[in-house]
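Those protein sequences? They're chains A and B, same order as listed.
Note that this note's numbering has the first sequence beginning at 246, numbered continuously upward.
Note that this note's numbering has the second sequence beginning at 983, numbered continuously upward.
These notes are about the structure you will find just below.
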Amino acid sequence: METRHRDLTPDLFESAPLTAQEGERIAGPPISFWKDSWIRLTKNRGALISLGVIVVLFALAFVIGPLLSPYSPYGQDLTRRYLGPTSEFWFGTDKFGRDMWTRVWAGTRVSLYIGLLAAFLDIFVGVVYGAVSGFLGGRVDDVMQRVIEVLNGIPYLVVAILMMVIFQPGILTITIALGITGWTYMARIVRGRMLQLKEQEFALASRSLGASRFRLVWKHLLPNSLGPIIINLMFTIPSAIFGEAFLSFIGLGIQVPKASLGSLISDAASEMRFHPYLLWFPAAVFCLLMICFNLLGDGLRDALDPKMRK
Amino acid sequence: MIRYVARRVAYMLVALFVIATVTFFISKLLPGSPFANPKLTPHIRQMLEEKYGLDEPVYVQYVKYMLNVAQGDLGNSFFFESRPVTQMILKGLPVSAFIGIQAVIFGLVVGLVLGIVAALRHNTVWDTLAVVIAVLGVSAPSFILGPLLQYWLGVKLGLFPIAFFESWWHSVLPSLALAVFVISTVARFIRSEMLEVMGQDYTTLARAKGLSGLAVIIRHVLRNSLIPLVTVMAPLTIYIITGSLVVEQIFAVPGIGEQFVTSIFVSDYSMILGTTLFFSVLFIFALLIQDIMYGIIDPRIRVSGAKE
């Protein structure tokens, strides 16, 4: 930087007294944590577009998709086998003449259902487990953590495959397999937050005002842990969706004639030399779903936890 | 340190014990018996059951099973000519391991380069490109990449053979399909680690001491960024195992994954349970090595117990 030599004399300065009122004035309207996070999120174009795409996919899968086509995802008609994408069958038809458009959306419904379910389990099992473990502490915490460490050593895939072997493969079995293993990471995160928060002054203040344990956790500790909980949820969802599609791909998930994106991709992969369009549509929808949830997760992490921003 | 390792090993043994117990009781719950053939006379069936110990009480069978498993005997396959499951696993292992390790090495190298370039050229086109590749790679699973690679590089361009495992050329596409996820995971990880380290005071100090840019990057930034890479070891192991199931099926590679999927379709229970047990052992071992390495590298972990 260029500096010029100049004599500093008092007449160059002007006094600017700070009155008591001036010091107390708040420069802008107060912004809550959630509003602040929302503003940060809306500045992230990728996350916002992803949120929009997810909403559109939900609408397409549950409402618009089935409405736009008169065909059922199971209706077979061997006279119209392997029709490429046409104005009648937008995504073409498969080897039994079933309409791929409705089948793809039926598969998307399964994926979204699994994603939502994983999120619920994370909240109801993971958060509760973590909160109890972290809040009670001591011996209870010790035992609960040992249980998690053993569960962590058992890969999700193994549990899922064993479940599929004993019970009928299907959406209920995937649900149970998810329930056994899917929530441990969330429990660890919530426990860490609890351990950290329960020693802080606001918890002490609430306790000395006579708040019950439940109220302390529910009204003070959990709301203060919402950020990490939401961030973790957003990464649980795509990994659960992936897990279901993977199991369906190797034939252990959703069974025929029901459709899942994984089983559609699996069927299409064996025929793709001759009918590649069968692969494009389910694969594209699946990738879109995964990309959007991942980008939204990244965006939420940056918005809710600016320190984590890289 | 010894206490820490002992604790990790103890958890590992408990987890293995739980898994082995669960697989045993699942095999008892399964419908049907291997000797349900109506042609067998009751006498022969009784003899067979005696031979395999099926006439004994369940707890005796359980103890025997656990002792066998501890010695690496996983029973005989029902489908693959009654060969021992252990032998089948050992037969498929070299092929699966070759493809998996090749994918990890390739993925590590490319991922490191991509991540380092992205961090050094932060907020430029290169950075954006790396981030886009990383997000796409995490979002497009191997069961979509496999058919796509097969179609474009194999069928359309004819660069590589699309199925079977006869030469090194045959391993290129399966490894590539597995490597994409490794590339994006590693690139993402290294990029964010390096950006964090580059903002630390000791990096500024190193620069202030007058070290050249390259020396700072290699001696200080890179070294400190590579350490946490240990934590992706267990997730990558599990990814390579699950990936091998689909990738070997897509490319008709005769590895463990392909055998496993076949055994699921023909309900070869002893094969399914044995392979599941083997996969769990692999995963738990990877987890153990990861925890121990992390304990060596970062003394804080040893004191607190496990990584959070």
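Don't be surprised by glycine CBs; every beta carbon is placed ideally from N, CA and C.
_Below 8 Å, how does it come out for the region 1205-1218 of chain B and the region 1234-1241 of chain B: are there three or more Cβ pairs, yes or no?_
no
*asked:* For the alpha helix (DSSP H) containing residue 347 of chain A, name the first residue and the last one.
replied: 345-366
*CA-CA distance, residue 341 of chain A and residue 523 of chain A?*
12 Å
*Can you grab the Cα-Cα spacing for the pair residue 414 of chain A / residue 498 of chain A, in whole Å?*
6 Å
*asked:* Is the beta carbon of residue 1222 of chain B closer than 8 Å to that of residue 1082 of chain B?
replied: yes
*Euclidean distance between Cα positions of residue 987 of chain B and residue 518 of chain A*: 52 Å
*Are residue 1115 of chain B and residue 1169 of chain B close, meaning C-beta to C-beta below 8 Å?*
yes
*Are the beta-carbon atoms of residue 1252 of chain B and residue 1067 of chain B separated by less than 8 Å?*
yes
*Any residues in the region 1198-1231 of chain B with a beta carbon nearer than 8 Å to a beta carbon of chain A? Which ones, in chain order?*
1220, 1223, 1224, 1227, 1228 and 1231
*In angstroms with no decimal places, state the Cα-to-Cα distance between residue 1008 of chain B and residue 1033 of chain B.*
21 Å
*Which ranges would you report for the alpha helix (DSSP H) in the region 1211-1267 of chain B if only whole runs of at least 4 residues count?*
1215-1232 and 1238-1247
*Give a yes or no on whether 8 Å exceeds the smallest Cβ distance from residue 491 of chain A to chain B.*
yes
*Touching or not, the region 489-496 of chain A and the region 446-458 of chain A, by the rule of three or more beta carbon pairs under 8 Å?*
no
*Answer with yes or no whether the minimum CB distance from residue 549 of chain A to chain B is below 8 Å.*
no
*asked:* Classify residue 554 of chain A: buried if its beta carbon has 16 or more other beta carbons within 10 angstroms, exposed otherwise.
replied: For residue 554 of chain A, the predicted model reports a pLDDT of 49, less than 50, meaning its position is unreliable; a value from the coordinates is still stated below. Label assigned to residue 554 of chain A: exposed.
*asked:* Please confirm whether residue 1117 of chain B has its beta-carbon closer than 8 Å to some beta-carbon of chain A.
replied: yes
*Does DSSP classify residue 469 of chain A as helix, strand or coil?*
helix
*What residue from A:314, A:316 and A:343 has the CA that sits closest to residue 326 of chain A's CA?*
A:343
*Any Cβ of chain B within less than 8 Å of the Cβ of residue 257 of chain A?*
no
*Who are the near neighbours of residue 429 of chain A in its chain, counting only those whose CB is closer than 6 Å to its CB and skipping five residues on each side?*
393, 396 and 397
*For residue 535 of chain A, decide whether its Cβ has a neighbour in chain B, counting only Cβ atoms nearer than 8 Å.*
yes
_Going residue by residue through the region 1144-1205 of chain B, where are the continuous alpha helix (DSSP H) segments of at least 4 residues, counting only ones entirely within it?_
1150-1180 and 1183-1190
*Between which two residues does the alpha helix (DSSP H) carrying residue 374 of chain A extend?*
373-381
*At 9 Å on the CB atoms, spell out the chain A contacts of residue 994 of chain B, in chain order.*
398
*Measure how close the beta-carbons of residue 1165 of chain B and residue 1098 of chain B come, nearest whole angstrom, since I'm counting them as under 8 Å.*
The Cβ separation is near 13 Å, so there is no contact.
*What is the DSSP secondary structure of residue 254 of chain A, counted as helix, strand or coil?*
coil
*Taking the C-alpha atoms as reference points, what is the distance between residue 330 of chain A and residue 288 of chain A?*
38 Å
_Let me confirm a value: residue 478 of chain A is counted as buried when at least 16 other C-beta atoms fall within 10 Å, else exposed. Which label applies?_
buried
*Can you pull the chain B residues whose beta carbon is under 7 Å from the beta carbon of residue 251 of chain A, in chain order?*
The premise fails here: residue 251 of chain A is roughly 29 Å from chain B at the closest Cβ pair, so nothing lies under 7 Å.
*Please report how far the alpha carbon of residue 548 of chain A lies from the alpha carbon of residue 470 of chain A, in whole angstroms.*
15 Å
*By DSSP, does residue 1291 of chain B sit in helix, in strand, or in coil?*
For chain B, the structure presents residues 983 to 1290; residue 1291 of chain B sits outside this window and is missing.
*Taking only the alpha-carbon atoms, compute the straight-line gap between residue 556 of chain A and residue 1022 of chain B and give it to the nearest angstrom.*
Lying outside 246 to 555, the shown extent of chain A, residue 556 of chain A is not represented and no answer is given.
_So residue 385 of chain A and residue 431 of chain A are supposed to be a Cβ contact under 8 Å. How far apart are they, rounded?_
Contact flag wrong, Cβ pair sits at about 18 Å.
*asked:* Which residues in chain B have a C-beta closer than 7 Å to the C-beta of residue 357 of chain A? List them in chain order.
replied: What residue 357 of chain A touches in chain B: nothing, since even the nearest Cβ is about 16 Å away.
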